[in-house]
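Everything in the sequence shown is counted per our numbering, starting at 4 for the first residue and increasing by one. Note that beta-carbon positions come from the ideal geometry of N, C-alpha and C, so glycine has one too. Take a look at the structure below.
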Amino acid sequence: MDRILVTGGTGYIGSHTVVELQQAGYPVVIIDDLSNSNREVIDGIERITGIRPDFVEGDCTDMQTLSKLFADYPDIKGIINFAASKAVGESMHKPILYYRNNLNTLLNLLDLMGPNGVKGIVFSSSCTVYGEPDENPVTEKAPIKKATSPYGNTKQISEEIITDVINAGAPFKSVILRYFNPVGAHPSAEIGELPNGVPQNLIPYLTQTAIGIRQELSVFGNDYDTPDGSCIRDYINVVDLAKAHVIAVKRMLENKSDAKIEIFNLGTGNGVSVLELINVFEEATGVKVPHKIVGRRAGDIEKVWANPTYANEVLGWKATSTLADTMRSAWAWQLKLRERGVM
Ligand SMILES: NC(=O)c1ccc[n+]([C@@H]2O[C@H](COP(=O)([O-])OP(=O)(O)OC[C@H]3O[C@@H](n4cnc5c(N)ncnc54)[C@H](O)[C@@H]3O)[C@@H](O)[C@H]2O)c1
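What follows is the structure, given as structure tokens:
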């Protein structure tokens, strides 16, 4: 079968996607610079699938590294590009890092695809492109709002770059996936979310608080125009999310659509507030999460959740996990990390 290059494949969503790709029969090669992950993730993937994915430690902004990778793996026919810096807050302080890393990675890949016979690229975009939407749930037709952070802007610019390159006649296709809020871990607890340093995302911070590594979880604002005053998001199980990538890759490589570029929202369709999410976690696991309400955080969107109908109908994909099961999976992963002495 055609080989898939997974950039950022030892990261959170990437690792879950590698598992699903391998289980669907695709050979995979990962490239990751380990800036926000570690090589033990490969052991976890191997324990789940029985297959050790090929791994290249390298930086996708380095054209020479990527050129060598394509020369070493002439059977690469599809790319899933997860490699990016992704912390919204950090991007406010380090915009050059974000623009350089996220955009140069994409440009290099697009540049090398044609000459190396790659048929398609799946790109990780985000619901951040919708900003504060005028109405929820959000469809793919909702207007793109001016980005509120350099990170968000890299996603908007990346979507434009892909569109321009394909409209200019590039010999490949692209599927752009706009994720809502990925959460949870693989049900085996062999892989999960483990960012380097203090987590910037809610769930790893929440589970690290529940286990006593962090003292208290801060809930940013309870005075929003929502039923309980906290922000509302669409929390999508990471394995459900990963499965959509396999469908997208297959769609491009097997020419299942005439469109050269397609965009899909990946969410559940349910808006859940931060306080509700804490409750679901506590009820599902029986573990309390010490938390306090603090002021609003600059740049946070009040409420956003997906209308996933287009992905449901066109891709035949649907998020099926319950939020309670997803929270239990996140907790099982945190317990596994303690058992292994990682944290
Ligand atoms: N997690 C979310 O909430 C979320 C939401 C929407 C979109 N996304 C996007 O999905 C993608 C994956 O996110 P994630 O949560 O798995 O993040 P992650 O940080 O866990 O994974 C990204 C991986 O890319 C690697 N990487 C970064 N720059 C690289 C480079 N130049 N060369 C090689 N490797 C590099 C990191 O080491 C990391 O392993 C990112 O593009 C992110 O912007 C994530």
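Taking C-beta atoms as the reference points, R50 and V31 fail to come closer than 8 Å. Between ligand 1 and the CB of I34, the shortest heavy atom gap is smaller than 7 Å.
Selection A322, G117, N184 and R343 evaluated against Y313 yields A322 as nearest (Cα-Cα). Checking the 7 Å criterion, the Cβ of K246 is out of range of every heavy atom belonging to ligand 1.
In the structure shown, the three-state DSSP call for A287 is helix. A residue is called buried when at least 16 other Cβ atoms come within 10 angstroms of its Cβ; P77 does not meet this threshold and is exposed. Scanning its chain for C-beta atoms nearer than 7 Å, with the 5 sequence neighbours on each side dropped, one finds around I216 the residues M346, in chain order.
Excluding sequence positions up to five before and after V21, its CB lies within less than 7 Å of the CB of V9, G12, V31, I33, I48 and P56, all in the same chain and listed in chain order. Residues of the same chain with a CB within less than 7 Å of the CB of Y208, apart from the 5 flanking positions on each side, are P202, R217 and L220 in chain order.
When secondary structure is reduced to three states using DSSP, L326 falls in the helix class. A check of alpha carbon separations from F267 across V317, T166 and S152 identifies V317 as the nearest. The continuous stretches of beta strand (DSSP E) do not include I304, and DSSP gives it neither H nor E.
Per DSSP, reduced to three states, the secondary structure at P185 is strand. Straight across, the Cα-Cα distance linking Q211 with A90 is about 18 Å. Relative to ligand 1, even the nearest heavy atom lies 7 Å or more away from the CB of S177. For D261, no alpha helix (DSSP H) encloses it, and the DSSP letter there is neither H nor E.
Remark: C-beta atoms of I264 and I165 approach each other more closely than 8 Å. Judged by pairs of C-beta atoms under 8 Å, the region 225-233 does not touch the region 141-149, as fewer than three such pairs exist. In the DSSP assignment, I82 is bridged to L8 and I124.
For F175, there is no enclosing alpha helix (DSSP H), as DSSP gives it neither H nor E. Taking 8 Å as the upper bound for CB-CB distance, S332 and D243 are not in contact here, some 11 Å apart. S88 has its alpha-carbon roughly 20 Å from the corresponding atom of E43. As the crow flies, the alpha-carbon of F85 is around 14 Å from that of L24. Ranked by Cα distance from P311, the options N111, L100, T142 and V132 are led by T142.
Under DSSP, E279 takes part in no beta bridge, so it has no partner.
Across the structure, L112 and L69 are spaced so that their CA atoms are roughly 8 Å apart.
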